[in-house]
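See below for the structure under consideration.
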Amino acid sequence: MKSFLKKATERLGGHVYSRDSLPTGVNWLHDIQRGLALGPAPVCFDVGANVGQTVAALRGAFAEARIHAFEPFSAPRQALLRATAMDARVTVVATAMGSAAGSRRVQPHRESQMSSLTGHLQPADDRPAEIVEIDTIDRYCANAGIDFVDVLKTDTEGYDLEVLRGAGSLLAQQRIAYVYTEVGFLADDRQHTPFMSMFELMTGYPYRFLGLYETYPLHFFAESSVYCNALFVAVSVRERSLALRRAAG
0 MKSFLKKATE
10 RLGGHVYSRD
20 SLPTGVNWLH
30 DIQRGLALGP
40 APVCFDVGAN
50 VGQTVAALRG
60 AFAEARIHAF
70 EPFSAPRQAL
80 LRATAMDARV
90 TVVATAMGSA
100 AGSRRVQPHR
110 ESQMSSLTGH
120 LQPADDRPAE
130 IVEIDTIDRY
140 CANAGIDFVD
150 VLKTDTEGYD
160 LEVLRGAGSL
170 LAQQRIAYVY
180 TEVGFLADDR
190 QHTPFMSMFE
200 LMTGYPYRFL
210 GLYETYPLHF
220 FAESSVYCNA
230 LFVAVSVRER
240 SLALRRAAG
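First residue of the sequence shown? That's 0 in numbering that gives the first Met the number 0, and the numbers climb one at a time after it.
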């Protein structure tokens, strides 16, 4: 039966993979799970959580994860609070993450997922500005008593380098296992962090590049929208993962 379904799928132009044979770069959470390096209840940070899209994906991958979802803009944060109201293991934080603590007056974008602290996108309407409080990941973890972050996702429309600079102490000590971040590839694209700038920052710490994900904009979007997501892993976590996978056969 399996052989019949596989052949039928291939005749229709598809391809069937098992979970173990799925190539790297298709599903970032599957690749993290396949690494075997995380425990059953990982600590996950979603910086730029918007209305909870990644929170839902993290919960689907890690049933017992403790998720900290950072969303500084009021409208998407209210939607995020509603979406996670029944999940006691999600903490919604009304603060942006950056390279230094402070505050900034920002006008949200009409499309909430495009709001950013960089100010590069002009909002298309007259909605009022908001005062956004900014903290750093290092400070937040120290104040919350968090020693280790298993998964850090950041998608802040071009502000991701600042987010990660604010995690410099944790990164230097490899106290963040995986970093998943949006990146772009065009020099004049201020909405997405340049891939090489991100690569240089992350590999300046003891981290390695694992792959690119959600690459469909590279193939199907206009040239001005060439972006995707990149996954990095701490060297110590990578070494432990390889050892565990070898031991598992």
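Here a beta-carbon is modelled for each residue, glycine too, at the ideal position from N, C-alpha and C.
Would P193 and G203 be called neighbours here (beta carbons separated by less than 8 Å)? no
Below 6 Å CB to CB, which residues in the same chain sit around D154 once its five sequence neighbours on both sides are set aside? G47 and E181
Give the range of the alpha helix (DSSP H) segment to which T180 is assigned. No alpha helix (DSSP H) holds T180; the beta strand (DSSP E) holding it covers I175 to G183.
Along the chain, where does the beta strand (DSSP E) that runs through G157 open and close? Taken as a continuous stretch (DSSP letters only), G157 belongs to no beta strand (DSSP E), as it is neither H nor E.
For F231, three-class secondary structure by DSSP: strand
Helix, strand or coil at H29 [DSSP, three-state]: helix
Rounded Cβ spacing between V148 and F44 (contact assumed at less than 8 Å): 6 Å
Between the Cα of Q106 and the Cα atoms of L28, R126, D30 and R138, which residue gives the shortest distance? R126
Assigned exposure category for A95 - 16 Cβ within 10 Å defines buried: buried
Rounded C-alpha distance that separates A246 from L35: 11 Å
Collapsed DSSP secondary structure at L37 in the structure displayed: coil
Three-state secondary structure (DSSP) at S98? coil
Rounded to whole angstroms, what's the CA-CA distance from V54 to F61? Just pull it up for me. 10 Å
In whole angstroms, what is the alpha-carbon distance linking D187 and L243? 42 Å
I'd like the list of long-range same chain contacts for P205, defined as Cβ closer than 6 Å, with 5 residues on each side in sequence excluded. Q173 and V234
May I have the straight-line CA-CA distance separating L209 from N228, to the nearest angstrom? 11 Å
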